[in-house]
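K.L.:
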Amino acid sequence: QVQLVESGGGLVQPGGSLTLSCTASGIIFSMYAMGWYRQAPGKQRELVAVITSGGTMYFGDFVKGRFTVSRDNAKNTVILQMNSLKPEDTAVYYCKATLNGMVDWGKGTLVTVSS
180 QVQLVESGGG LVQPGGSLTL SCTASGIIFS MYAMGWYRQA PGKQRELVAV ITSGGTMYFG
240 DFVKGRFTVS RDNAKNTVIL QMNSLKPEDT AVYYCKATLN GMVDWGKGTL VTVSS
């Protein structure tokens, strides 16, 4: 059974940083593309960052160099490092694992950017 468990969300002030982690079980992690998506209230879920099995990275347009994504295949973990956070980054952040059309999602972790 596939499990994706996100952690690291919380309240942060504008301009601050936060590190999100997603740990996977039940999959051959190194074979999967791992992604971070987010959904703000009243908005559609959108891509934040993806890192493929080969290490290629993609980011949503809004990221503009503020976030980085990395993976540790030995620990079955993907990390999203978020810097220069803005109030509009407030959302539930979800981890996604994808391989050959198979998709699994975590339950999400809430990030709130507010003073």
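Residue 180 is where the sequence shown starts when you use the working numbering, and the numbers rise one by one after that.
Heads up, the beta-carbon is just placed ideally off N, CA and C, and yes, glycines get one too.
Because the structure is a prediction, the values reported are computed rather than measured.
Can you name the residues that DSSP bridges to Phe208?
P.N.:
Residue 208 sits at position 29 when you count from the first residue of the sequence shown. Paired residue(s): none; Phe208 is not in a bridge.
K.L.:
From the DSSP secondary-structure annotation, give me the bridge partner or partners of Lys286.
P.N.:
The count along the sequence shown starts at 1 and reaches residue 286 at position 107. Answer is none; Lys286 lacks a bridge partner.
K.L.:
Checking 8 Å against the spacing of the C-beta atoms, do Tyr272 and Arg217 come in under that value?
P.N.:
Here the question's residue 272 lines up with position 93 in the sequence shown. Here the question's residue 217 lines up with position 38 in the sequence shown. Taking 8 Å as the Cβ cut-off, Tyr272 and Arg217 qualify as a contacting pair.
K.L.:
Starting from Leu264, trace the beta strand (DSSP E) both ways and give me its first and last residue.
P.N.:
Locating residue 264 in the sequence shown gives position 85, where the first residue counts as 1. First-last for Leu264: undefined, no H or E at that position.
K.L.:
So Ser186 is in the beta strand (DSSP E); what residue range does that whole segment cover?
P.N.:
For the purposes of this step, residue 186 is identified with residue 7 of the sequence shown, where counting begins at 1. Its beta strand (DSSP E) spans residues Gln182 to Ser186.
K.L.:
Put Thr235 into one of helix, strand or coil per three-state DSSP.
P.N.:
In the sequence shown, the residue the question calls residue 235 occupies position 56. In this structure, Thr235 counts as coil in the three-state DSSP scheme.
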